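To keep things clear, I will list the structure first and then write my remarks on it.
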């Protein structure tokens with residue numbers, strides 16, 4: 001089938017072409033029947049005055065798959081200023097039974113739960129589709145930017161024998177009769193691989209068996225991770241992420257202007273140097289107790305709003321979190337061992353990244369694990385990397401869905417997740 | 001730290017520079033001590049006649065992390081024709097205890113099991129490292145080529161309620177007290193997403209709880225998947241993979257010549273049209289019974305060798321496998337319903353891809369699932385995509401580790417897996 005995509009139709013005025021796609025809308029107006037055909041590139045208007053074709057369109061209804069052959073004519077009121085005067089319409093595949101919800105209105109009436117229940121259909125809505133086109137660009141930009149910086153893309157196991165983040169939040173797997181777990185992060189492996197490649201990144205699923213059910217948590221998410229060796233401090237890790245975000249914003253401006261316009265969202269300006277403040281400074285600025293080792297979600301929103309006001313920045317690096325709120329592998333601040341050389345990145349009110357410098361000496365790990373009541377023997381496969389010597393290193397993990405949600409001002413992380421998994425949801 | 005990478009040292013003859021990396025080898029020769037320093041870019045020779053520095057190098061030993069500052073001099077016998085005459089050597093991080101194996105010999109004495117047991121060290125060997133640099137290029141090329149063809153990169157759940165491939169081979173997960181499984185493939189989701197984007201790809205882990213323990217099976221692997229709509233037949237799917245492989249070979253020639261040379265492997269010539277033969281034709285050519293619905297591993301080797309001999313091709317598409325050996329979603333051949341519009345791609349003796357055209361009508365799924373004793377209700381989340389109408393479509397799944405292993409003539413899939421998971425191995 002010689003097929004023209006909807007976005008290319010305007011280049012074929014007066015020519016006879018064939019388009020293929022889904023019937024997005026069908027409506028009769030006077031003696032004419034209009035349909036919008038949706039394909040991967042957008043929407044194109046089709047018009048017919050033939051009774052048989054009009055009946056076919058009406059009987060098929062929304063979401064039927066069709067091919068339409070006809071001549072292209074200018075029509076200022078149609079998308080892209082053109083329409084196809086149909087000569088031949090063919091049904092390829094028809095819906096079975098009534099559609100579970102409508103996706104062809106500008107404002108969708110279905111609530112979030114219905115959208116998530118009927119993902120095979122709700123994702124077809126142009127607005128939903130736009131979210132995941134932006135998400136694909138975020139992931140592709142992460143990989144391409146880091147590859148250009150000498151990072152190697154890796155694939156580490158998600159079936160693991162021990163969790164690096166916290167013991168309580170692990171999903172258990174029956175591994176040939178032995179217990180195994182789903183990895184909460186690639187932390188152990190990416191550090192081990194600093195010894196191999198110095199610089200590694202991974203884009204892969206990560207799991208947290210947390211029971212809380214909030215608008216910014218799901219139990220399976222896509223983690224963007226990198227780790228790099230031979231750093232001076234966590235500042236080098238922040239600088240790398242900052243440079244990536246500058247690259248990302250440029251790419252989104254180049255490739256996703258249409259998606260941002262459709263979703264009425266703004267591509268952020270990324271400062272060449274995102275403001276970097278210590279946790280205690282941020283706490284002071286927003287009037288909080290400086291003794292707390294962490295920010296809660298409300299404080300993150302306040303800090304983000306303050307940074308926007310103070311620096312005009314949608315982004316804020318908050319550094320030097322308290323040691324008790326950071327994982328065992330966090331590097332203590334040499335100037336104050338109650339603090340760590342760590343950071344979170346806040347973006348439009350949400351934490352989207354956690355990172356920092358890591359410990360790199362074997363003995364430090366043995367001490368930290370023991371002090372936290374963890375058994376170093378369970379981590380021996382990991383500790384071997386330190387026994388074989390690693391340089392100072394650090395890295396970060398960022399949630400792909402969280403970044404997408406904040407880029408597009410989506411209220412719930414689930415809107416930025418194709419098929420979310422939470423306590424109540426294992427399908428679709 | 002102003003640092004020069006090993007691969008750049010030759011551009012700094014007579015200059016004073018600093019390199020950083022791991023001591024790959026240390027040896028004394030007459031009054032001089034030589035070390036090879038390994039960093040992410042390669043190896044560089046360092047030489048000293050200072051007793052204190054010589055003692056430091058000897059005491060640190062292999063795998064210590066050091067920085068070396070000195071003047072660059074030409075030295076034809078050293079890598080890249082240069083060496084660094086050390087002025088200052090600093091120990092950054094020293095190994096603890098003896099190394100579990102040696103990685104600094106041209107021929108490694110450790111067997112595969114020891115290499116897998118001590119992955120944090122064995123991966124540092126230049127030959128091992130080269131394998132995964134090639135692998136990273138394979139994955140990156142898959143993503144970039146397909147994005148250029150209008151495919152959207154997606155992230156689908158690995159925690160699922162039902163398996164698409166075969167019921168017996170699922171890993172069970174305790175999902176908040178409910179049973180869940182690890183996805184064997186993104187099959188259901190990528191088909192659902194044909195309705196959204198027409199063309200999708202995914203690079204993600206996949207799981208098979210198969211108990212067999214062979215050189216070409218592991219229980220967790222990285223699956224390269226794509227699916228595309230509006231096809232005429234499985235031929236369109238093969239054509240897309242063929243075009244990708246042509247792109248991949250060009251990229252490997254451009255970026256990985258050094259890795260292939262080190263591993264004494266040849267980048268394959270990919271025919272513009274890889275030979276495509278029906279299973280029955282292949283069986284006839286290699287003297288097998290044409291009644292069998294599938295090829296066993298031995299027959300795959302024979303078929304591959306025959307294609308190399310007959311067509312000069314390292315690749316062979318074998319099509320039209322028997323319906324009983326293909327999954328429920330396979331499209332039967334309209335000319336012979338005992339066969340399917342499916343294919344495998346053989347590459348240097350191994351099957352590296354399985355794909356084909358899929359059923360796209362709701363009623364066909366209900367019938368096929370029922371006929372195979374599967375409950376359509378368990379797949380309702382998936383069947384909704386067909387009730388909402390999908391066009392003819394097809395796709396494939398390819399094993400990243402298998403492709404890597406065959407590109408580099410590795411005998412065991414585990415050599416092409418950073419941290420393999422099999423029945424006996426859950427660490428490192």
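Residue numbers (the working numbering), protein chains in the order written: chain D, 1 to 428; chain V, 1 to 428.
Cβ coordinates follow ideal geometry from the N, Cα and C atoms, glycine included.
Remember, it's a predicted structure, so these values are computed and weren't measured experimentally.
Give me the Cβ distance between residue i and residue j, rounded to the nearest whole Å; I'm assuming they're in contact under 8 Å.
i	j	result
residue 396 of chain D	residue 226 of chain D	6 Å
residue 122 of chain V	residue 101 of chain V	6 Å
residue 299 of chain V	residue 140 of chain D	Not quite, the Cβ-Cβ distance comes to about 39 Å (not below 8 Å), so this is no contact.
residue 180 of chain D	residue 426 of chain V	6 Å
residue 60 of chain V	residue 91 of chain V	6 Å
residue 191 of chain D	residue 393 of chain D	7 Å
Using the beta-carbon of each residue, which ones in chain V are nearer than 7 Å to residue i?
i	result
residue 388 of chain D	63, 95, 99, 120, 121
residue 152 of chain D	132, 133, 136
residue 385 of chain D	120
residue 195 of chain D	120, 124
residue 427 of chain D	161, 381
residue 114 of chain D	The premise fails here: residue 114 of chain D is roughly 12 Å from chain V at the closest Cβ pair, so nothing lies under 7 Å.
Can you find a CB in chain D that lies within less than 9 Å of the CB of residue i?
i	result
residue 22 of chain V	yes
residue 39 of chain V	yes
residue 192 of chain V	yes
residue 144 of chain V	yes
residue 377 of chain V	no
residue 392 of chain V	yes
residue 445 of chain V	The shown model of chain V, from 1 to 428, leaves out residue 445 of chain V, and the question about it has no answer.
residue 164 of chain V	no
residue 34 of chain V	no
At the 9 Å Cβ level, is residue i part of the contact set with chain V, yes or no?
i	result
residue 368 of chain D	no
residue 222 of chain D	yes
residue 351 of chain D	no
residue 203 of chain D	yes
residue 341 of chain D	no
residue 184 of chain D	no
residue 285 of chain D	no
residue 332 of chain D	no
residue 412 of chain D	no
residue 211 of chain D	yes
residue 129 of chain D	yes
residue 189 of chain D	yes
residue 219 of chain D	yes
Any idea which residues DSSP pairs residue i with across the strands?
i	result
residue 340 of chain D	D:332
residue 92 of chain V	Partner(s): none; residue 92 of chain V has no beta bridge.
residue 260 of chain V	Its beta-bridge partners do not exist; DSSP assigns none.
residue 306 of chain V	None, per the DSSP bridge assignment.
residue 316 of chain D	D:346
residue 69 of chain D	D:18, D:88
residue 175 of chain D	D:178
residue 160 of chain V	V:181
residue 386 of chain V	In DSSP, residue 386 of chain V forms no bridge with anything.
For a contact meaning CB atoms closer than 9 Å, what does residue i contact in chain D?
i	result
residue 400 of chain V	155
residue 360 of chain V	65, 92, 93
Residue i versus chain V: which residues are under 8 Å apart at the beta carbon?
i	result
residue 198 of chain D	39, 40
residue 171 of chain D	159, 173, 174, 175
residue 226 of chain D	Those within 8 Å of residue 226 of chain D in chain V number zero; the least Cβ separation is about 13 Å.
residue 139 of chain D	153, 155
residue 328 of chain D	Result: empty, since nearest Cβ-Cβ is about 18 Å, beyond 8 Å.
Residue i touches chain D at which residues, Cβ-Cβ below 7 Å?
i	result
residue 147 of chain V	140
residue 423 of chain V	176
residue 418 of chain V	154, 155, 156
Output, in chain order, the set of chain D residues within a Cβ distance shorter than 8 Å of residue i.
i	result
residue 365 of chain V	Residues of chain D passing the Cβ test: none, with the nearest at roughly 10 Å.
residue 260 of chain V	None at all; the shortest Cβ gap to chain D is about 16 Å.
Under 9 Å Cβ-Cβ, which residues of chain V neighbour residue i?
i	result
residue 180 of chain D	171, 421, 426
Can you confirm whether the stretch 83-101 of chain D touches the stretch 350-365 of chain D when touching is taken to mean that 3 or more C-beta pairs between the two stretches lie within less than 8 Å?
no
Taking contact to mean at least 3 C-beta pairs separated by less than 8 Å, is the stretch 201-209 of chain D in contact with the stretch 217-225 of chain D?
yes
Decide if the stretch 415-425 of chain V is in contact with the stretch 231-246 of chain V; the criterion is three or more beta carbon pairs, one per stretch, under 8 Å apart.
The stretch 415-425 of chain V, when compared against the stretch 231-246 of chain V, does not touch it at the 8 Å Cβ threshold.
Quick test of the definition: if touching needs 3 or more C-beta pairs under 8 Å, does the stretch 243-251 of chain V touch the stretch 377-395 of chain V?
no
Report yes or no: do the stretch 50-64 of chain D and the stretch 31-41 of chain D share at least 3 C-beta pairs separated by less than 8 Å?
yes
Counting Cβ pairs closer than 8 Å, one from the stretch 252-264 of chain D and one from the stretch 2-11 of chain V, do we hit at least three?
no
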